[in-house]
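To start, the structure under review is shown below, and the notes come after it.
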Amino acid sequence: MRVFMILMAILTTVLAIKITSIFTLTILCSDLIYVILFPQLTSVLFVDAANIYGSITGYVLGLIIRVLSGESMLGLRAVLRWPWYEAETDFQPFPYRTSSMLISMFTILLVSHITNVAFRAGWLPRRFDVLSGIVWHSESKCKEYADEQRSVEIQNLPIDTKENIALEILPRQMVEINESDNGDT
Numbered sequence: 001m002r003v004f005m006i007l008m009a010i011l012t013t014v015l016a017i018k019i020t021s022i023f024t025l026t027i028l029c030s031d032l033i034y035v036i037l038f039p040q041l042t043s044v045l046f047v048d049a050a051n052i053y054g055s056i057t058g059y060v061l062g063l064i065i066r067v068l069s070g071e072s073m074l075g076l077r078a079v080l081r082w083p084w085y086e087a088e089t090d091f092q093p094f095p096y097r098t099s100s101m102l103i104s105m106f107t108i109l110l111v112s113h114i115t116n117v118a119f120r121a122g123w124l125p126r127r128f129d130v131l132s133g134i135v136w137h138s139e140s141k142c143k144e145y146a147d148e149q150r151s152v153e154i155q156n157l158p159i160d161t162k163e164n165i166a167l168e169i170l171p172r173q174m175v176e177i178n179e180s181d182n183g184d185t
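Position 73, counted from 1, in the sequence shown is what the UniProt record's numbering calls 73; the numbers after and before it change by one each time, with no gaps.
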């Protein structure tokens with residue numbers, strides 16, 4: 001962890017010295033957010049099957065593809081040349097940022113699906129789930145049972161309390177204590 005912090009400090013120092021414009025730094029930052037973090041956020045919010053293995057793989061692959069595509073603001077020449085690349089000006093008119101983002105998103109989905117299938121089918125033992133990224137069947141059943149239990153408890157409430165949406169449902173012991181306190185006064 002300390003080594004990573006030192007490396008990040010060195011990297012940010014080099015970027016601060018190399019980049020002379022705040023505008024350039026802002027554009028570079030928004031570019032990296034679009035290519036790397038947007039697929040992460042989208043998959044976390046809208047894809048139930050996404051897991052940490054797909055997320056890490058998509059992050060790393062998106063970063064590698066984006067860096068290899070070159071960045072004129074940092075003086076990085078393109079190693080990965082997309083269609084319509086102009087070698088004289090080192091310009092790529094192809095939408096390589098969007099392509100990098102889509103590749104990252106596809107990687108997240110593909111690797112998540114592969115790891116989910118591999119772990120759940122037993123091809124990989126459960127002990128190899130070192131990042132605890134797989135939701136196991138028993139855990140999902142517990143959540144479903146808890147949801148069912150909550151709905152049964154709500155159905156068992158007296159009729160007049162079902163209509164009151166703002167009713168706070170308290171544990172049974174607290175309800176009994178509160179009812180006995182109200183009867184004494």
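Backbone N, C-alpha and C define an ideal beta-carbon position, used for all residues, glycine too.
Note down the Cα distance separating residue i from residue j, rounded to an integer number of angstroms.
i	j	result
residue 120	residue 45	22 angstroms
residue 110	residue 100	15 angstroms
residue 29	residue 62	14 angstroms
residue 11	residue 17	10 angstroms
residue 19	residue 77	16 angstroms
residue 89	residue 73	14 angstroms
residue 47	residue 57	16 angstroms
residue 25	residue 106	28 angstroms
residue 133	residue 51	5 angstroms
residue 130	residue 75	39 angstroms
residue 103	residue 35	9 angstroms
residue 13	residue 59	23 angstroms
residue 128	residue 41	25 angstroms
Excluding the five sequence neighbours on either side, which residues of its own chain have a C-beta within less than 7 angstroms of the C-beta of residue i, listed in chain order?
i	result
residue 31	97
residue 212	Only positions 1 to 185 of the chain appear in this structure, which leaves residue 212 out of reach.
residue 5	none
residue 49	112, 113, 116
Excluding five sequence neighbours on each side, which residues of the same chain lie with their C-beta closer than 6 angstroms to the C-beta of residue i?
i	result
residue 80	68, 69
residue 54	108, 111, 112
residue 176	Note that residue 176 scores a pLDDT of 49, beneath 50, so its modelled location is shaky and nothing firm can be said.
Between which residues of its own chain and residue i is the CB-CB distance below 8 angstroms, once the five residues before and five after are set aside?
i	result
residue 83	94
residue 92	69, 70, 78, 81, 82, 84, 85, 86
residue 118	124
If we define contact as Cβ-Cβ less than 9 angstroms, is residue i a contact residue for chain C?
i	result
residue 16	Here chain C cannot be found, since the structure has a single protein chain.
Could you spell out the range, first to last residue, of the alpha helix (DSSP H) harbouring residue i?
i	result
residue 6	2-18
residue 22	22-32
residue 44	38-46
Minimum length 4: unbroken alpha helix (DSSP H) runs contained in the stretch 59-139: 96-120
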